[in-house]
Amino acid sequence: MRSQAASMSPQDSTSAQGAQLIAAATAAKPIVGSGAAVRPVATKAATQYICPMHAQITRDAPGVCPICGMALELKVATAEDEPNTELASMKHRLWWTAGPAAVVFPIAMSDVLPGMPVQAWLGAQVQAWLEFALATPVVLWGAWPFFVLAWQSLVNRHLNMFIVRACARACATRQ
């Protein structure tokens, strides 16, 4: 037995581990028609969170990776759906910033209309201040998670796409 395990290649070892994970995941399925609902038992492996980009980062609670800033995912998927707080937060920010963005968009694009009717009605300076007043909360509050992750990336000296995204959102207010 020991010589057989020593002669296994890394691919065989990986496929054996995959087979064990599949067997463990399917063992908790209820028998169809039995009427009994079987709940999977929470194990230590099921409650660990891991970074999708850095497998060495594991935590016992959800959070963000200290290296790249990505949200930590469950190491072992469960049959139960957990609420995705990151998605809920982003949806909340989207809907609260959609109103001011819907107002500022036609005002900002009105200068391509013949005769520039909004500039003629409000004046160029008032239009610019109105755009600034409506766009600033959208950019700052709506994109706040990107700014936080970009700052963490700079502090940790791990440059990544969050810095690029934050710069793009910050530059969106410039004309």
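Numbering-wise (the working numbering), the sequence shown opens with residue 448 and increments by one.
No residue lacks a Cβ here, since even glycine has one placed at the ideal position from N, Cα and C.
Given the structure is predicted, the values throughout are model-derived calculations rather than measurements.
Rounded Cβ spacing between V565 and Q574 (contact assumed at less than 8 Å): Residue numbering aside, residue 565 sits at position 118 when the sequence shown is read from its first letter. Residue numbering aside, residue 574 sits at position 127 when the sequence shown is read from its first letter. Contact flag correct, Cβ pair sits at about 6 Å.
CA-CA distance, S557 and I504? On the sequence shown, position 110 is the one that residue 557 refers to. On the sequence shown, position 57 is the one that residue 504 refers to. Here the C-alpha atom of S557 lies approximately 49 Å from the C-alpha atom of I504.
Which of the three DSSP states is assigned to R540 in this structure? Here residue 540 refers to the residue found at position 93 of the sequence shown. Here R540 sits in helix by DSSP.
Name the one or two DSSP bridge partners that A518 has. As a working mapping, residue 518 is identified with position 71 in the sequence shown. Bridge partners of A518: V511.
Alpha-carbon to alpha-carbon, L560 and F552: Numbered from 1 along the sequence shown, position 105 holds the residue referred to as residue 552. Numbered from 1 along the sequence shown, position 113 holds the residue referred to as residue 560. Here the alpha carbons of L560 and F552 stand approximately 13 Å from one another.
Compare the Cα-Cα distances from L601 to each of Q572, L521, G546, C515 and report the closest residue. Indexing the sequence shown from 1 puts residue 601 at position 154. When only C-alpha atoms are compared, the closest one is C515.
Quick one: give me the first and last residue of the alpha helix (DSSP H) that E578 is part of. By 1-based counting over the sequence shown, the position of residue 578 is 131. Taken as a continuous stretch (DSSP letters only), the alpha helix (DSSP H) holding E578 covers 571 to 589.
Could you pull the DSSP bridge partners for T505 from this structure? Sequence index remark: in the sequence shown, residue 505 carries index 58 (1-based). Answer is I497, bridged to T505.
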